[in-house]
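Below: one structure, written as structure tokens.
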Amino acid sequence: MPTYTVTINRQQRNIEADADTPLLWVLRDELQLVGTKFGCGIAQCGACTVHVNGSAVRSCSFPISAIGESKVTTIEGLSENGDHPVQQAWLEHDVAQCGYCQAGQIMSAAALLAQNANPDDAAINNAMSGNICRCGTYGRIKSAIKTAAKS
Amino acid sequence: MNSATGNLANKIKTSLGRRRFLQASAAAGGGLMINFSWGVAPTGAGDAAAGMVPDQPFELNAYLLIASSGEITAMVPNPEFGQNLITSMPMILAEELDADWQSITAKQANYDARAYERQFTGGSQSIRRAWQSLRMAGASARHMLIQAAAQQWQVPAGEIIAKNSTLTHTKSDKQSSYGAMAAAASQMPTPDEVSLKDKSSFELIGKSRHNQEGQKIVTGQPLFGIDYQAEGMKIAMIEHPPAFGQTVESANLDEIKKMPGIVDAFIFESISPEQQKNYFDTNAFPRLIAIVGEKTWQVMKAKKALKPQWKNLPSRTETMNVFGREVSVTTPGGLENTTDHRKKMDRALASKLDTLREDGDVKSAFDSAETVIERTYHAPYLAHNTLEPMNFFAQINGDGVHVAGPLQAPVFIQDTLASRLSIAKEKVHIEFTRMGGGFGRRAYSHYLVEAAVIAKQVKAPVKLIYSREDDMTMGIYRPSYTVRIKAALDKDKKLVAYQVKGVGLSEHCVHENRFPAGAVDNYLAEAKAIDSNITTGAFRAPRSNFMASAEQSFLDELAEAAGVDPIDFRLALLDRAKNNPVGDNNDYDPARYAGVLKLVREKSGWDAMPGTTHKGVAAYFCHNSYAAQVITVKQGEGEPKVDKVYSALDCGIVVNKDSAINMVEGAVIDGIGNALFGEMTFTDGVPDKKNFDRYRIIRINEIPDNIDVHFVENSIDPTGLGEPPFPPVFPALANALYQLLGERQYLQPYAKRHQAS
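Heads up: the sequence lines are chains A and B, in that order.
Going by UniProt numbering, 39 is the number at position 39 of the first sequence; the sequence numbering is gapless.
Going by UniProt numbering, 154 is the number at position 154 of the second sequence; the sequence numbering is gapless.
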């Protein structure tokens with residue numbers, strides 16, 4: 001089984017995994033970083049969204065062999081104290097219902113705001129339409145992104 | 001203003017119907033609850049979890065623990081799946097306890113039928129049914145704190161004020177925090193009767209409080225069943241036949257067992273054929289292939305390498321225990337198709353159905369009517385698609401079993417699991433995790449039994465995980481229905497006869513005593529269920545979720561035929577039902593029904609909307625609450641787009657306002673999504689959609705620009721909110737789409753026929 005050295009949440013980790021193992025299962029099974037969620041396995045729901053070099057990536061469809069020197073950030077590493085502006089805005093708007101999709105939503109939103117500090121509705125729709133929320137909290141997600149953009 | 005007795009009313013006997021709650025607390029009273037359910041965060045008691053545990057918590061009753069530090073732990077008995085019980089239940093406790101909200105920490109309780117009642121999440125009844133228990137638990141604890149202070153200070157209890165987690169006796173200048181008095185309070189006898197607050201003096205209930213688990217959610221803490229970890233735990237997955245009507249015959253298990261990381265592979269029965277089935281044991285695939293391994297990806301790869309043989313099942317009849325009643329259930333053989341389903345339902349509608357209710361003389365009324373309108377509405381199967389796929393953890397411990405994960409109905413599955421493992425019911429320990437959605441699906445927790453049987457076979461703790469494809473193709477769908485409604489108007493355009501006929505696979509959706517029953521002189525309700533081997537079950541507002549769209553779309557057509565505004569048309573019928581009801585078995589309150597219509601009319605500015613606005617209205621009563629929706633639509637790019645939604649609800653007292661608004665907003669979006677896109681179809685028994693690439697779920701770019709939520713303010717005890725706002729979304733949308741497109745919507749999903757080709 002090949003070994004990979006991966007930078008996850010600013011820490012270097014050595015991982016032994018089959019080359020085709022999706023990053024999602026490396027995070028969840030090898031590193032116990034279970035904040036990143038399994039939803040569909042085919043990059044259609046966004047529950048597994050993480051940052052790879054700052055971009056939103058669906059970790060369920062990203063093989064560990066493609067990781068190279070990339071830096072990975074998960075919901076656990078988005079902020080030191082759980083106080084990233086997007087996380088704070090999510091709390092302010094009480095976005096979550098069941099909460100299962102929200103880590104992926106937050107990671108998509110944080111990647112969007114890192115690239116576009118003041119997104120309009122079209123930009124939000126574009127960046128967030130890959131993330132399903134089965135409870136229907138989309139309206140609050142939009143509001144929270146706008147609040148986070150202001151801070 | 002807030003004295004010990006000044007705001008209290010409704011003295012109630014705590015022992016009435018609450019004996020278990022009091023006995024449980026009396027037995028444990030005073031004990032240091034070291035072994036209570038602490039540290040049950042899914043990864044075990046980590047530092048984060050330990051930090052939440054108050055020091056020296058004294059149990060005042062099964063719902064409330066107060067530490068000497070003043071930290072209060074509010075136990076939440078019902079499973080959480082996004083309705084935010086984890087916050088609203090503690091709010092009710094804190095209200096009656098007069099506790100400082102900042103000192104409250106919510107904890108999900110485990111399943112404990114001795115300590116709690118109805119630990120079932122479903123039917124929009126968690127708050128409704130726990131309301132009195134929670135108030136009583138809060139008031140009893142408050143009473144015990146006051147009694148302890150009275151004894152310690154040697155002053156009359158009636159002179160002690162309990163407020164904001166502080167006990168004060170002004171005359172003697174004595175004061176104590178709840179925390180400092182907790183140990184003494186836990187030694188007090190539980191009261192025989194307590195007084196509950198007058199509702200007008202509520203200070204917390206009706207306000208908004210942030211989600212108790214918000215911080216954990218936004219930082220990705222392990223809250224969910226799928227996050228559960230345990231020492232030596234293996235990962236299990238199952239493979240089921242691709243088609244309904246099939247079972248497992250054999251598979252290349254020896255090959256699979258040799259694959260890297262695979263511990264075992266075998267065929268098993270989750271429910272043995274001779275076992276008594278309970279209502280929620282509905283399951284098309286009790287015989288399955290299990291693959292168990294060290295890592296999820298290795299198991300997924302082994303699953304892909306399976307070469308199973310399937311065989312078709314013959315027709316069979318078995319008995320099921322439906323809430324104590326033995327019911328015979330026939331499961332036909334054969335591989336079913338959606339096109340055949342439609343024909344079957346049409347044929348059934350043309351045959352003799354069961355009469356559920358008849359008022360007046362329907363036949364004569366139709367024969368002599370000026371205008372007769374008849375319409376047929378069709379609903380597809382729907383998959384629940386909770387975003388967290390089905391999963392459960394199981395560990396056999398000697399003669400018992402510990403299971404942990406997402407489920408809605410522990411009371412039923414405990415029986416099933418005990419029977420399947422041949423162990424005592426008391427030896428089944430069920431731990432609740434937060435659920436990544438439920439919508440009814442997790443009332444059917446066969447996956448829990450599967451996990452336990454697999455754990456027993458491999459002699460190791462096991463976490464069973466479904467793939468999305470497993471989740472979407474294993475059944476328990478919202479049933480497919482067809483409803484035909486016929487109405488007669490007289491020469492004055494008054495509704496004089498109404499006939500509803502409903503059929504469905506494997507249940508119908510007619511509620512014979514609901515509106516417009518009671519508002520029409522001549523009324524007939526008929527229905528019949530059609531057997532199918534495609535398993536169906538509860539889906540957010542069962543039956544109502546389709547009946548509302550048929551009935552309320554139909555009423556819109558009637559209003560148009562009568563030349564009356566659709567809200568006025570409904571109000572006139574409700575007026576009739578209120579003042580001069582037909583029959584005496586109508587299960588709704590016409591005044592509350594009319595109330596939500598009037599509120600939505602006012603808040604939406606219905607009467608003042610420009611003629612160019614394409615608007616639709618609907619109102620529905622289900623799960624003890626009333627909901628009305630007004631929806632406006634406009635033409636989008638290729639597909640119609642929902643513009644604005646106005647919601648009016650009467651669910652009695654609202655506990656956590658913002659959380660309730662969130663739930664209604666979610667129900668509106670869920671309703672729009674399912675109305676426009678939701679559909680599962682079958683070809684030769686095989687579900688045509690297996691994942692989100694083909695099963696369309698509403699996305700962020702498709703939501704309304706605005707959802708405006710309003711509640712009727714009253715002092716009725718809470719009547720439920722999870723389901724009621726959902727059903728009327730479908731017809732309000734259908735009626736608005738008619739205004740935009742000039743075509744009535746008889747077939748769901750509505751978007752299917754409006755997609756740009």
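Ideal Cβ positions, reconstructed from N, Cα and C, are used throughout, including at glycine.
query                                                                                                                        : result
Residues that A:Pro63 bridges to, as DSSP identifies them                                                                    : A:Pro22
Cross-chain neighbours of B:Asn211 in chain A, by beta carbon under 7 Å                                                      : Asp94 and Ala96
Exposure of A:Thr21, with buried meaning 16 or more beta-carbon neighbours within 10 Å                                       : buried
Proximity of B:Leu356 and B:Ala527 at Cβ, strictly below 8 Å                                                                 : yes
Outcome for B:Val729 when other beta-carbon atoms lying within 10 angstroms are tallied against a minimum of 16              : buried
Closer than 9 Å at the beta carbon, the chain B residues around A:Cys48                                                      : Correct list: empty, because the minimum Cβ distance to chain B is about 11 Å.
Contacting residues, own chain, Cβ-Cβ under 7 Å from B:Cys622 (five flanking each side not counted)                          : Ala541, Ser544, Glu723, Pro724 and Pro727
Chain B within 8 Å of A:Thr21, Cβ atoms only                                                                                 : yes
Partners in chain B for A:Ser151, counting only beta-carbon separations shorter than 8 Å                                     : Here the premise fails: no neighbours, minimum Cβ distance about 15 Å.
Where A:Ala103 meets chain B, residues with beta-carbon distance less than 9 Å                                               : Ile217, Val218, Thr219 and Gly220
C-beta neighbour in chain A for B:Asp708, strict 8 Å                                                                         : no
For B:Leu201, the three-state DSSP class (helix, strand or coil)                                                             : The question names Leu, but residue 201 of chain B is Ser in the sequence shown. The answer is helix: DSSP assigns B:Ser201 an H, G or I state.
Chain-ordered neighbours of B:Gly437 on chain A, where CB pairs are closer than 7 Å                                          : Cys98, Tyr100, Arg134 and Cys135
Chain B contact for A:Ile8 (CB, 8 Å cutoff)                                                                                  : no
Short CB-CB distance (under 8 Å) between B:Phe266 and chain A                                                                : no
Any C-beta of chain A under 8 Å from that of B:Asp693                                                                        : yes
Contact list for B:Gln229 against chain A, beta-carbon separation under 9 Å                                                  : Gln32 and Val34
Distance between B:Ile698 and B:Thr719 (C-alpha atoms, nearest Å)                                                            : 28 Å
CB contact below 8 Å: A:Leu113 versus chain B                                                                                : no
Limits of the unbroken beta strand (DSSP E) element including B:Glu326                                                       : Arg325 to Thr331
B:Tyr279 in three-state terms, based on DSSP                                                                                 : helix
8 Å Cβ cutoff, A:Leu91 in contact with chain B                                                                               : yes
Under 8 Å by beta carbon: chain A residues contacting B:Gly82                                                                : Ala96, Gln97, Cys98, Gly99 and Cys135
Chain-ordered chain B contacts of A:Asn125 [CB-CB under 7 Å]                                                                 : Ile700 and Asn701
Contact set between A:Thr74 and chain B, taken where Cβ atoms lie within less than 9 Å                                       : Gly220
Selection from A:Trp25, A:Leu113, A:Thr7 and A:Thr3 that minimises the alpha carbon distance to residue 157 of chain A       : Chain A is shown only over 1 to 151; residue 157 of chain A falls outside these bounds and no answer can be derived.
Backbone secondary structure at B:Met259 - three-state DSSP                                                                  : coil
Own chain partners of A:Gln97 with C-beta closer than 6 Å, once the 5 adjacent residues on each side are dropped             : Cys135 and Thr137
Neighbour-count burial assignment, B:Phe323, 16 or more Cβ in a 10 Å radius                                                  : exposed
B:Pro718, enclosing beta strand (DSSP E) - first and last residue                                                            : Neither: B:Pro718 is in no beta strand (DSSP E) and is coded neither H nor E.
Segment contact flag, the region 305 to 312 of chain B with the region 249 to 259 of chain B, C-beta cutoff 8 Å, min 3 pairs : yes
Simplified DSSP assignment, three categories, for residue 759 of chain B                                                     : Residue 759 of chain B lies beyond the range of chain B shown here (1 to 757); nothing can be said about it.
Under 9 Å by beta carbon: chain B residues contacting A:Lys142                                                               : Ile700 and Ile703
Integer-rounded CB distance, given that B:Asn533 should sit under 8 Å from B:Met472                                          : No, B:Met472 and B:Asn533 are not in contact; Cβ-Cβ is about 17 Å, not under 8 Å.
Which of helix, strand or coil DSSP assigns to B:Asn714                                                                      : coil
Within-8 Å CB hit, A:Ile15 to chain B                                                                                        : no
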